[in-house]
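K.L.:
To start, I am sharing the structure in question, which I have written as structure tokens.
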Amino acid sequence: MRIGIFAFFAIIVSLLSGCGYNTFQTGDEAVKSAWSEVINQYQRRADLVPNLVSTVQGYASHEKDVLTQVTQARAQVGGIQATPELINNPEAFAKFQQAQAGLSSALSRLLVVAENYPNLKADASFRDLQAQLEGTENRITVARNRYIKSVEAFNVSVRTFPNNLTAMIFGYQIKPNFSVENEKAISVAPKVDFSAPVKQKAVPAPVEGGKGTPPPGY
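Below is the structure:
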């Protein structure tokens, strides 16, 4: 009797292994691990924002619109609970991605504004914060790429036969992934039109007697 029970469970285990069940477990854990690193790096960036805004405000307090946009974008990011369940909810994931893209855009505009203030650019605190921000953005890119690859591997295992049969039985579904369309759209630099005609300086009339000549440069 015991031998029959052991044989039955052995068959069940072998069937589950052959149909991708163990692959789903491994893939799901890989996705969760990659997601944790993404959140860690995004949080690192969000933590830099208050000091960055405060430093810029000290030199460019009248740039209220840009400073407000960055503050609001960070608040929007902070208002989204980046729980592990979020990566299984396409709608919530899309909102998270949109909020992070909004903060990226706002920070880009803030750094563009900073270029107009030489004293700010020379400030040691600002240079340090800017370097930290650049490093964090690089880490975010690496973390996102790892997450994208882990989700891609998981989704392939869910959709391929015979794993897809096991996925239907146990309720495994494909996970949402990062896209770059929205981020590319909002990060396009404003166009500067240099084609407008330049007004010519008026040439002064010669003085009476014909002795006067226009000064150099006219």
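In this text, residue positions in the sequence shown follow my numbering: the first is 179, and each later residue adds one. The beta carbon of each residue, even a glycine, is placed where N, CA and C say it ideally should be. Because the structure is a prediction, the values reported are computed rather than measured.
Any idea what DSSP makes of P340, helix, strand or coil?
P.N.:
In this structure, P340 counts as coil in the three-state DSSP scheme.
K.L.:
Output the boundary residues of the alpha helix (DSSP H) element that contains Q278.
P.N.:
Residues P268 to A292.
K.L.:
Just the Cα atoms here: how many angstroms apart are A270 and L281?
P.N.:
Between A270 and L281, the C-alpha separation is close to 17 Å.
K.L.:
Cutting at 6 Å between CB atoms, please list the residues of its own chain near Y199, excluding the five before and the five after it.
P.N.:
The answer, listed in chain order, is T344.
K.L.:
Out of C197, Q275 and A238, point me to the one whose CA is closest to R252's CA.
P.N.:
Closest by alpha carbon: Q275.
K.L.:
Using DSSP with H/G/I as helix, E/B as strand and the rest coil, what is T261?
P.N.:
Residue state, collapsed to three classes: coil.
K.L.:
What first and last residue would you give for the alpha helix (DSSP H) that runs through A251?
P.N.:
Run containing A251: K242 to G256, per the alpha helix (DSSP H) assignment.
K.L.:
Taking the straight line between their C-alpha atoms, what separation do you get for L298 and Q221?
P.N.:
Answer to the nearest angstrom: the Cα atoms are 25 Å apart.
K.L.:
Could you check whether T246 and V227 sit closer than 9 Å to each other, using their CB atoms as the reference points?
P.N.:
Taking 9 Å as the Cβ cut-off, V227 and T246 do not qualify as a contacting pair.
K.L.:
Please tell me whether N333 and I318 are closer than 9 Å, where the distance is taken between their beta carbons.
P.N.:
Cβ distance not < 9 Å, so N333 and I318 don't count as in contact.
K.L.:
Can you name the start and end residues of the alpha helix (DSSP H) that G349 belongs to?
P.N.:
Taken as a continuous stretch (DSSP letters only), G349 belongs to no alpha helix (DSSP H), as it is neither H nor E.
K.L.:
Taking DSSP as the reference, what is the three-state secondary structure of F202?
P.N.:
Here F202 sits in helix by DSSP.
K.L.:
Kindly confirm or deny that the region 205 to 223 and the region 299 to 319 touch, where touching means at least three C-beta pairs closer than 8 Å.
P.N.:
Taking 8 Å as the limit for Cβ pairs, the verdict is that the region 299 to 319 does touch the region 205 to 223.
K.L.:
Taking 9 Å as the cut-off, decide whether the C-beta atoms of I258 and V329 are in contact.
P.N.:
Result no, Cβ atoms of I258 and V329 do not sit closer than 9 Å.
K.L.:
I'd like the span of the alpha helix (DSSP H) that includes Y238, first residue to last.
P.N.:
Correcting the residue identity first, residue 238 is Ala in this sequence and not Tyr. That residue, A238, is in no alpha helix (DSSP H); it is neither H nor E in DSSP.
K.L.:
Out of S283, A292 and I326, which has the shortest C-alpha to C-alpha gap to S214?
P.N.:
With distances taken between Cα atoms, S214 lies closest to I326.
K.L.:
Rounding to the nearest angstrom, what Cα-Cα distance links E312 and A272 in this structure?
P.N.:
For E312 and A272, the distance between alpha carbons rounds to 24 Å.
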